[in-house]
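Here's the structure we're looking at; comments come further down.
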Amino acid sequence: MRITVFAVGRMKSGPERELADRYLDRLRKTGVPLGLEFTSVIEIAESRASQAELRKQEESAKVLEALDQGGVLILLDERGKTMPSEAFAASVARFRDDGKRQLLVAIGGPDGHDASLRDRADVVLALGAMTWPHQIVRILVAEQLYRATTILAGHPYHRI
């Protein structure tokens with residue numbers, strides 16, 4: 000299963016990008032033996048539409064363009080559910096084992112995601128009750144994807 004991270008907004012060079020890239024490189028190396036191939040981060044610029052609803056619609060349309068037919072969409076949203084890392088890893092494994100060929104994790108822009116995209120999502124996930132800066136969300140997503148592979152591989156990185 001190919002894994003793609005989709006992000007509204009571009010991440011600048013610096014320590015946050017380096018840390019996210021470090022986890023994504025680890026994901027790239029640990030995922031392959033598990034049938035999980037990290038392919039890329041797709042970054043798009045925030046919409047310049049004058050109204051929030053239009054911005055969300057435009058950005059959500061681009062998410063759908065990046066999602067293969069039958070692909071799995073995990074949407075990060077403050078209204079989503081929280082889950083332990085083990086449950087997240089189990090979800091990734093279940094999608095892989097069900098023969099899904101793509102997993103796309105979508106990080107929205109400042110206005111969030113359009114309601115229609117939330118309705119389409121296979122999983123709507125929150126990273127807790129707090130609001131996080133875009134750069135930190137990117138790091139958290141990269142780390143949790145890497146952690147999922149270590150959990151599935153029985154690697155000691157994830158300890159309880």
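Under numbering that gives the first Met the number 0, the letters of the sequence shown match residues 0 to 159, in that order. No residue lacks a Cβ here, since even glycine has one placed at the ideal position from N, Cα and C.
Between which two residues does the beta strand (DSSP E) carrying Val123 extend? Val123 -> beta strand (DSSP E) spans 122-124.
Identify, in the order they occur along the chain, each residue of the same chain with its Cβ nearer than 6 Å to the Cβ of Ala19, setting aside the five sequence neighbours on each side. Closer than 6 Å at Cβ, skipping near neighbours: Arg137, Ile138, Ala141.
Pick helix, strand or coil for Arg117, following the three-state DSSP scheme. Assignment of Arg117 by DSSP, reduced to helix, strand and coil, places it in the helix class.
Please name the residue, chosen from Tyr145, Ala114, Trp131, that lies closest to Val91 on a Cα-to-Cα basis. Closest by alpha carbon: Tyr145.
What's the call for Ile135, buried or exposed, on a 16-neighbour Cβ count within 10 Å? Ile135 is exposed by the Cβ-count criterion.
Whole-angstrom Cβ separation of Gly110 and Lys55, contact assumed at under 8 Å? One detail in the question is off: residue 110 reads as Asp in this sequence, not Gly. Under the criterion of beta carbons closer than 8 Å, Asp110 and Lys55 qualify as touching, at roughly 5 Å.
With contact counted as at least three CB pairs below 8 Å, one residue from each stretch, are the region 81-88 and the region 145-157 in contact? By the C-beta criterion, the region 81-88 is judged to be in contact with the region 145-157, since at least 3 inter-stretch pairs fall below 8 Å.
Determine the DSSP secondary structure at Leu75, reduced to helix, strand or coil. Residue state, collapsed to three classes: strand.
Kindly identify the DSSP beta-bridge partner or partners of Val7. Bridge partners of Val7: Ile43.
CB contact flag (Leu26, Phe37, <8 Å): In contact: Leu26 and Phe37 (Cβ atoms closer than 8 Å).
Looking only at its chain, what residues have a beta carbon closer than 6 Å to the beta carbon of Arg1, apart from the 5 residues adjacent to it on each side? Here Arg1 has Glu36, Thr38, Gln101 as same chain residues with Cβ atoms under 6 Å from its own Cβ, once five neighbours each way along the sequence are excluded.
Is Gly108 helix, strand or coil when you go by DSSP? It is a strand residue.
Is it right to say Tyr22 is buried, meaning 16 or more other beta carbons lie within 10 angstroms of its own, or is it exposed? With 16 or more Cβ atoms within 10 Å of its Cβ, Tyr22 is classed as buried.
Under the DSSP definition of a beta bridge, which residues are partnered with Leu103? Note: Leu103 sits in a beta bridge opposite Thr3, Leu72.
Short check: CB of Leu126 to CB of Phe5, under 8 Å? Judged by their CB atoms, Leu126 and Phe5 are not nearer to each other than the 8 Å cut-off.
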